[in-house]
Structures are given as structure tokens and as C-alpha cells.
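Here our numbering is used: the first residue of the sequence shown is 50, the next is one more, and so on.
Ideal Cβ placement from N, Cα and C applies to all residues, glycine included.
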Amino acid sequence: MALYHLGIDDTDSLKRGCTTYIGALLVERLIKISKFVDYPNLIRLNPNVPWKSRGNAAICLRFTSDTDAMGILGNATDLVEEYRDKKDSKNQPGIAILEGQVPQIVRDLGRRALWDVITPAEALDVALKANVKYELIRGGRGLVGALASIGNALERDHTFELIAYRGSALWGKKREVDHESVLMFDRDTTSHTFNNIDVEEDRVLITPHGPDPILFGVRGDSPSVVMEALSKIKFVGGERWMVCRSNQGTGAHLIRSALIAELKPYQAAIIEGTISRVPYVLKGSHVIASMRDSSGEIDIAGYEPSGSFRNIVRDLLLGDKVRAFGGVRLLESGKLTFNLERLELLNIVTEAPANPICPNCKKSMKSEGKGKGYQCKKCGLKTELAVLKKVDRKLINGAYLPPPRAMRHLTKPFKRYGAEKRSWDGVVGTFYGVF
Ligand SMILES: [Zn+2]
50 MALYHLGIDD
60 TDSLKRGCTT
70 YIGALLVERL
80 IKISKFVDYP
90 NLIRLNPNVP
100 WKSRGNAAIC
110 LRFTSDTDAM
120 GILGNATDLV
130 EEYRDKKDSK
140 NQPGIAILEG
150 QVPQIVRDLG
160 RRALWDVITP
170 AEALDVALKA
180 NVKYELIRGG
190 RGLVGALASI
200 GNALERDHTF
210 ELIAYRGSAL
220 WGKKREVDHE
230 SVLMFDRDTT
240 SHTFNNIDVE
250 EDRVLITPHG
260 PDPILFGVRG
270 DSPSVVMEAL
280 SKIKFVGGER
290 WMVCRSNQGT
300 GAHLIRSALI
310 AELKPYQAAI
320 IEGTISRVPY
330 VLKGSHVIAS
340 MRDSSGEIDI
350 AGYEPSGSFR
360 NIVRDLLLGD
370 KVRAFGGVRL
380 LESGKLTFNL
390 ERLELLNIVT
400 EAPANPICPN
410 CKKSMKSEGK
420 GKGYQCKKCG
430 LKTELAVLKK
440 VDRKLINGAY
450 LPPPRAMRHL
460 TKPFKRYGAE
470 KRSWDGVVGT
480 FYGVF
């Protein structure tokens, strides 16, 4: 028996397909000839790379089998060929298989793929060194995610997602998932599931909107809690279901602190500094401010879909000390901006210099010009010193996130803070079934 890690990435497009669905079909074939040592791993990678597939999801299956690696690779490649979006010109599927324990260079690549941009050439180099066998369709890009999914073994914090799929006859049709039953499921499981609904807009989030095979997906802290959805959520047209172990909701991409001057396009990063230009609202309701650290300055942006989160950005003042979490965007002008995914107000300005009051006349003294002090226009009294006046702030120091509908798949929701897992027990329960 050999231990295998099989990674698949970049098979879908905005219109069609889903890498996890191909994973589910592969599970159906492999489950008869192998023993799974892990739940299928659903790995989300750096969400800021512009050529990513829809959700930037890669899948890794880990199992022992007597079948040789080339046989499994061929089988997986056939399935990808059958189910990938062939009309789309962008996807470049990659299928990779590694035998034995995952070497450190593959782990390192997996970790870096969460926040950085990795070239196909770098992935090829690692694949050769780690003796990974692979198939590439129409380009090398899919190898990056396939390899990175193998390298992300989810040894520490992780979550689970139950995904219910619909048959091909229903792809592109409206999904029939009962709204009320989703609200009920959310209420019943709320301390152990996340992002089922968006309260701000009373919107169900478990159903995607594209024509893909996914009927719905629920995310939570254990296999048993997400599987409750099978009995609690009412839906029509289910074909099969699968429970994945995942880095979704763990914040795994926001692990690198950087100086502003070090930021490169499409990286995810954490930066810390002071607000250096007051926020303004762009057409389309995007809010832009600037922040500065010892190395440089960058615009930070709260985009329209982030809803109420933009109000936090809008209410920032010059001098506020903040820590920003997000991704680097490259504008057409060549300028970089920082797309906010989380904002921590470390020390906001609560006092500002103001004109002093004349002790004799009880009137506000007038400024004599910048740095020249103040004078009372009535009695002529002069003073050098401004007074500090309390500034009315709507904000308080603390952490702020966009509402669930605008979160990245990787964003860690507030309810998961303090609930992070330090390890995985290695127990693989039932994770696959047909309706
Ligand atoms: Zn006076």
C-alpha cells in the first residue's frame, strides 16, 4: 500500500465547472480501491491573484492504495478533461500526485501560495525536486494550486464544509433551497457554523449564484455539525454530497506582516501605520483613505460590496493608528492600493488642538497664524499654547470586518476567534454519499 496525495486545481470558470465536484466524482471512484486517511482537503489560496478561478479552490485527496501513481493520475486527468470548462479560455487545470510523506519544500510552497504570487516555473521546480508526477492541460498554471493544496496539510486550525451537489440536468437552473430551513439551521447550529446568512441584508449565503454543480455548502467547526444540514435544510435536486476539511474561515492567508514599501501586486499582507490622508468617497461608493508607515504610503480601500464596513473607513481621521489586513491591487495607472479585508483601530485620535479661551473675557482667542500662538481680540492677551479638545468619534478602538456576504472564503469570522484548532485528531468519519 502506498500513501498518495492527489491535488487538483484550476478546472472551473465563471460559467461552468467546479474543482470540488471533480473531487467528489474522483472520491466515488477511489473509495472502492483505496482507504482515505483524511477528509478531502478543500484549500483556498491567495484570493488576490487576478487569474484565479472563481473561488480559487484547490482540492487534495489523501489516501492509501495498491494502484500505481500513474494509473491514479491518468484516471483523475480523464475526469478533469470531461468536466472542466472547455469553452473557457482561461482555465489551465493541473493534476499532481505525490507518493509518501509531504516534503518540506512542498509545505513551504503551500504556505507561500496562501499570500504570495507563485509562478508556474517555481511550481515546476518544486515538483521535480519533490518527485511529484503531474498532468497539465493547456498551460502550467494549475500546477501551482495542485501542488499548494498538497502542501497545505491543515495540521493546525481548520474547518469543515458539507457541499451538496446537483446533477448536470439542473446546472444553470434556479436552486430550490428553502430559505426558512436555512434560518432554522443557522439558529440551531450558530455557535459551531459560520456565514450561513448575512444579517445586514437578510441574505442566504450557502447557495452560490452561478450555473455550477453546487446546490449549497455549509461551513462549520466539525463534520457532525455541518452534516446536520442534510436533515435540517430542505432542498430539491440533490445528487451527491461530500464533507471537506478546509482552511476556509481560518484567516490562513493573512500571516505576513510587511512594510508598505515592500508590498508587491496581488500579495496578501498585514500593514501597520497612521492615517495620512482623510477618507473620501469615490463614485460607486468606494471609500479610500491613505496610510503611512516608516517606509512609505499607500491608499487603503473599502469597496462598495463591503457595505457597513465602508463606514468604518469613512470615519477615520488623520493620525489614527491602524493595522490593516488585505490584498494589494495593481491599478491600471501602475499605482498600488490596499484592499481592506479587516481593519484594527489600534489608537484613534480622541483629542485635537483647539483655540484657547481667554481667562479674562471667556471668549475664544484667535490664532495669529500657524505656530504663532493666539491672541484675545478683546483684551489683547497672548498665549503660545493651544488647548486639547475632545474630538467626537463614532469609532472606538477594536477590530472590524466586512459583513459575511463580502468576506473572502479565507476570512476568519469573529465567532471563530478563540475557537481555532491546534491540531487535527486524524479520525476520518463518513464524508461522502449520494442522495
Ligand atoms: Zn480677553
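Does the beta-carbon of residue i, which I'm using as the reference point, lie nearer than 8 Å to any heavy atom of ligand 1?
i    : result
K427 : yes
L430 : yes
K412 : yes
N409 : yes
According to the neighbour-count rule (16 or more other Cβ atoms, all chains shown, within 10 Å of its Cβ), is residue i buried or exposed?
i    : result
S83  : buried
Y466 : exposed
D59  : buried
L21  : Outside the displayed range of the chain (50 to 484) lies residue 21, so it cannot be described from this structure.
R111 : buried
T479 : exposed
T299 : buried
T239 : exposed
P402 : exposed
D117 : exposed
Y329 : exposed
V436 : exposed
Could you please give the first and the last residue of the uninterrupted alpha helix (DSSP H) stretch that includes residue i?
i    : result
V231 : H228 to T238
S273 : P272 to K281
T5   : Lying before the first or after the last residue shown, residue 5 is absent from the chain, which here runs from 50 to 484.
R363 : F358 to R363
Restricting to Cα atoms, I'd like to know which of the options is closest to residue i.
i    : options                   : result
L196 : P257, D157, S138 and M233 : D157
H191 : L219, G143, F209 and A202 : Note that residue 191 is Gly in the sequence shown here, rather than His. Selected option, being the one with the closest Cα: G143.
A15  : Q316, A401 and E393       : Past the edges of the chain, shown from 50 to 484, lies residue 15, and the structure says nothing about it.
R93  : Q424, K464 and Q297       : Q297
Y132 : G189, G72 and A179        : G72
G482 : A170, M291, I146 and N409 : M291
S343 : A350, V371, K332 and A310 : A310
A51  : L110, S114 and C67        : S114
G375 : K283, L232 and K313       : K313
R205 : P272, Y53, M276 and R294  : R294
S472 : P96, R78 and H207         : H207
T432 : R442, D247, S416 and K370 : S416
T323 : K222, R236, I57 and A338  : A338
G194 : A318, P169 and P452       : P169
For residue i, decide whether its Cβ has a neighbour in chain D, counting only Cβ atoms nearer than 9 Å.
i    : result
V155 : The structure shown contains no chain D; it is built from a single protein chain.
Taking 8 Å as the cut-off, is the CB of residue i close to at least one heavy atom of ligand 3?
i    : result
G429 : Here the bound small molecules are ligand 1; ligand 3 is not part of this structure.
In the DSSP assignment, find the unbroken beta strand (DSSP E) run with residue i in it and report its ends.
i    : result
R294 : G287 to S295
E249 : From DSSP, E249 is part of no beta strand (DSSP E); its letter is neither H nor E.
T386 : L385 to N396
- Task: Within the stretch 145-191, note down every full beta strand (DSSP E) run reaching 3 residues or more, in order along the chain.
- Result: Entirely contained in the stretch 145-191, the beta strand (DSSP E) runs reaching 3 residues are, in chain order, 182-185.
- Message: I'd like the ranges of any beta strand (DSSP E) spanning at least 3 consecutive residues and lying wholly in the stretch 74-118.
- Response: Secondary structure in the stretch 74-118: the beta strand (DSSP E) runs of 3 residues or longer, each lying completely within the stretch, are 83-85, 90-93 and 106-114 in chain order.
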